[in-house]
Amino acid sequence: MHKIAVAGTGYVGLVAGVCFAEMGHQVTCVDIDQSKVELMKSGISPIYEANLQDLMVKNYQEGRLDYTTDYQSAYKDAEAIFIGVGTPEQPDGSANLSYIATVARQIAESVEKDCLVVVKSTVPVGTNDKVEQFIQDFLVNNVRVEVASNPEFLAQGSAVHDTLYAERIIIGTESKWAEKLLQDIYKPFNLPVVSVNRRSAEMIKYASNDFLALKISYMNDIANLCELVGADIQDVAKGMSFDERIGSKFLNAGIGFGGSCFPKDTKALDYLAKQNGYELKTVQATIDVNKAQKTMLYKKASRRLITFNGLKVAVLGLTFKPGTDDLREAASLENVPLLLEQGADIYAFDPVGADNFAKVHPEGQHGKGRITYVSNIEEALREANVCFIFTEWGEVKQLTPIMYKELMRTPLVYDGRNIYSVAEMEQAQVEYHSIGRKAVERQNMKESNGHELQSTRF
Ligand code: NAD
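Written as structure tokens, this is what we have:
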């Protein structure tokens, strides 16, 4: 058992802290947000992640886990302090390291025992060196403090599982003492450990994320071409997936990547390259393709409809992916303002993300447009003129093609997640536009008796 403190109780810090406690360590989670700390103490998770709240309550009740804003008491005698604060994007694309710097200074002013500081946050190569120097500069007591890199690879939506059953633990340090302590802390997890130097560990994180982002943008790029040349991206992906060198994951085309990591981590690596006089062309292309992809469906729909003004628009899914309430860089955040600007009457459904979205776009009138949040998906679709699918929540996937036909005033669906089979939508007489596949155009649809369908009703 080790005495651990974790700085930051976001997706990374909180999940790490809870999982360390679950493995038998004594953990104190620190956050500057008093209301978050009170919420956690009352047994409520400030974020939505499967299993997280149950493990929080269990470990808190069993005395292995605590939460505080009093960083001094948490850091002063910790053996290891994990930093999991945010490193958001700055306007120039670089990573904002001010939260890391604040924690480093708080640590330097608090520690009374030798300790290892472990940077879990995603930080540009060379940051760990700077954090170590920064701590030395501000250190108050005569103790030994080293810094190691231990980047995090969890995916939101499966964060607890990804931590308890991580594919690998990366330990980045040149110090035998630090390496041994981290190996010991991770021993109960029984996971593969890769030990490298600090800078390589920092780079592994960016190289991994940017590779995954590249894979998504590559498939989206190919999907757009598929549409033009009459190929089907899902069949193409299936055919590709049998090649072990390619693999079967991350081959789904869609409306672009979002979330708190890929968008900022691609920009931060591009920035780092430029700072070092190098142009990372693959990463630049990844960013460019993604930017265009986010509004691909809106552009398609704009070409199909004369205007969105006064149309009832069903928006299914607001979060950047299912299983999380996180909206950061979600496609909805780009498309909803465009629709509102055009005067759309939006009915938005999301099983967990609606409250967060309403903080940015409160329910009600926005210029010519209007947004209403509904907890019943059918209410969003009833009498709608057009539907956009931005997130592949289970609730959305459960809808059958015929429900769109029956509920909507005009069964016109723009699916950014390729949820439905084109053939089934065609059969249900739903005009259906997705990514990288044949569109089901209304003018080509025939009633079963062979007559042309009535024109679109508005
Ligand atoms: P987050 O924004 O969800 O949480 C950060 C937390 O840190 C907030 O609760 C904030 O109040 C707190 N904080 C800020 N300053 C503090 C201080 N001085 N002391 C204590 N707490 C403080 O962030 P996140 O999504 O968990 O990401 C954290 C880091 O991990 C980022 O670098 C991110 O790139 C990386 N990462 C994130 C994910 C992910 O899926 N979210 C996955 C892997 C890596």
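Numbering follows my numbering, in which position 251 of the sequence shown is assigned residue number 1478; successive positions increment by one, without gaps. For every residue, glycine included, the Cβ atom is placed at its ideal position computed from N, Cα and C.
**Asked** With burial defined as no fewer than 16 other Cβ atoms inside 10 Å of the residue's Cβ, what is the status of Thr1349: buried or exposed?
**Response** By the 10 Å Cβ count, Thr1349 comes out buried.
**Request:** Return helix, strand or coil for Val1421, following the three-state DSSP convention.
**Result:** Residue state, collapsed to three classes: strand.
**Asked** Are the segment 1473-1490 and the segment 1410-1417 in contact at 8 angstroms, needing three or more beta carbon pairs?
**Response** Cβ pair count under 8 angstroms is below three, so no.
**Asked** Ends of the beta strand (DSSP E) at Glu1590?
**Response** The continuous stretches of beta strand (DSSP E) do not include Glu1590, and DSSP gives it neither H nor E.
**Item:** the ligand NAD heavy atom lying under 7 angstroms from the CB of Leu1292
**Value:** Every heavy atom of the ligand NAD is 7 angstroms or more from the Cβ of Leu1292, so no.
**Message:** Runs of 4 residues minimum, wholly inside the segment 1283-1359: which ones carry the alpha helix (DSSP H) assignment?
**Reply:** You should have 1298-1302, 1325-1337.
**Item:** C-beta contact flag for Val1370 and Ala1234 at 8 angstroms
**Value:** With contacts defined by Cβ atoms closer than 8 angstroms, Val1370 and Ala1234 do not form a contacting pair.
**Message:** Judging by CA-CA distance, which residue of Thr1618, Lys1340, Val1284, Lys1624 is the nearest neighbour of Ala1301?
**Reply:** Measuring from the Cα of Ala1301, the nearest candidate turns out to be Lys1340.
**Request:** Give me the Cα-Cα distance between Met1652 and Leu1439, rounded to the nearest whole angstrom.
**Result:** In this model, Met1652 and Leu1439 are separated by some 30 angstroms (Cα to Cα).
**Asked** What did DSSP end up calling His1660 once you bin it into helix, strand or coil?
**Response** Residue state, collapsed to three classes: strand.
**Message:** According to DSSP, Arg1597 sits in a beta bridge with which residue or residues?
**Reply:** In the DSSP assignment, Arg1597 is bridged to Asp1572, Gln1592.
**Prompt:** Mind checking Ile1533: buried by the 16 CB within 10 Å criterion, or exposed?
**Reply:** When all chains shown are included, Ile1533 counts as exposed.
**Request:** Tell me where the alpha helix (DSSP H) around Lys1230 begins and ends.
**Result:** No alpha helix (DSSP H) holds Lys1230; the beta strand (DSSP E) holding it covers 1230-1234.
**Prompt:** Mind checking whether Gly1580 and Leu1560 have CB atoms under 8 angstroms apart?
**Reply:** No, Cβ-Cβ distance for Gly1580 and Leu1560 is not below 8 angstroms.
**Request:** Just the C-alpha distance for Asn1377 and Leu1639, rounded to the nearest angstrom, thanks.
**Result:** Distance between the alpha carbons of Asn1377 and Leu1639 is about 47 angstroms.
**Message:** Using 8 angstroms for Cβ pairs, my map puts Ala1666 next to Arg1636. What's the rounded Cβ distance?
**Reply:** The C-beta separation of Ala1666 from Arg1636 comes to about 20 angstroms, leaving the pair out of contact by the 8 angstroms criterion.
**Endpoints, alpha helix (DSSP H) assigned at Ile1604** = Segment 1604-1608, the alpha helix (DSSP H) holding Ile1604.
**Asked** Beta carbon of Ala1571, beta carbon of Val1540: below 8 angstroms?
**Response** For the 8 angstroms CB-CB criterion, Ala1571 and Val1540 form a contact.
**Asked** Any idea what DSSP makes of Val1640, helix, strand or coil?
**Response** Assignment of Val1640 by DSSP, reduced to helix, strand and coil, places it in the strand class.
**Prompt:** For the alpha helix (DSSP H) that Val1463 lies in, which residues bound it at each end?
**Reply:** Taken as a continuous stretch (DSSP letters only), the alpha helix (DSSP H) holding Val1463 covers 1460-1468.
**Message:** Taking a contact to mean a Cβ-Cβ separation below 8 angstroms, would you say Arg1597 touches Ile1573 in this structure?
**Reply:** Cβ atoms of Arg1597 and Ile1573: closer than 8 angstroms.
**Message:** Taking the alpha carbon of Tyr1641 as the reference point, which residue from Glu1406, Arg1664, Glu1622 has its own alpha carbon closest?
**Reply:** Here the closest residue by C-alpha is Arg1664.
**Request:** Have a look at Thr1236 and Gly1466 and give me their C-alpha separation to the nearest angstrom.
**Result:** Going from the Cα of Thr1236 to the Cα of Gly1466 covers about 42 angstroms.
**Request:** Just tell me which of Thr1296, Ala1307, His1388, Val1372 has its CA closest to the CA of Asp1278.
**Result:** The residue you asked about is not Asp; residue 1278 is Asn in the sequence shown. Considering only alpha carbons, the answer is His1388.
**Asked** Which residues share a DSSP beta bridge with Ser1376?
**Response** Its beta-bridge partners are Val1346, Gly1399.
**Presumed contact (8 angstroms Cβ cut-off) between Ala1557 and Leu1545, rounded CB distance** = Ala1557 to Leu1545, Cβ: 6 angstroms. Contact.
**Message:** Once DSSP output is grouped into helix, strand and coil, what is the label at Ala1611?
**Reply:** In the structure shown, Ala1611 sits in coil (DSSP, three-state: anything other than H, G, I, E or B).
**Asked** Can you tell me whether DSSP reads Cys1246 as helix, strand or coil?
**Response** In the structure shown, Cys1246 falls within a helical segment according to DSSP collapsed to helix, strand and coil.
**Request:** Taking 8 angstroms as the cut-off, decide whether the C-beta atoms of Pro1628 and Ala1655 are in contact.
**Result:** Contact flag set, yes.
**Item:** 8 angstroms Cβ cutoff met for Asp1515 and Leu1507
**Value:** For Asp1515 and Leu1507, no; Cβs fall outside 8 angstroms.
**Item:** Sufficient close CB pairs (3 or more, under 8 angstroms) joining the segment 1310-1327 to the segment 1394-1410
**Value:** As far as the Cβ criterion goes, the segment 1310-1327 does not touch the segment 1394-1410, which means the pair count is below three.
**Asked** In whole angstroms, what separates the C-alpha of Ser1760 from that of Asn1517?
**Response** For the chain, the structure presents residues 1228 to 1685; residue 1760 sits outside this window and is missing.
**Asked** For the 8 angstroms Cβ check, are there 3 or more pairs between the segment 1343-1360 and the segment 1418-1433?
**Response** They touch, by the three-pair rule.
**Asked** Among the residues of its own chain, which have a CB less than 6 angstroms from the CB of Val1510, if the five just before and after it don't count?
**Response** Closer than 6 angstroms at Cβ, skipping near neighbours: Asp1437, Thr1493, Leu1496, Asp1497.
**Asked** Going by the CB atoms, is the gap between Val1374 and Ile1362 shorter than 8 angstroms?
**Response** Contact: yes.
**CB of Met1446 within 8 angstroms of CB of Ala1464, strictly** = Between Met1446 and Ala1464, the C-beta spacing is below 8 angstroms.
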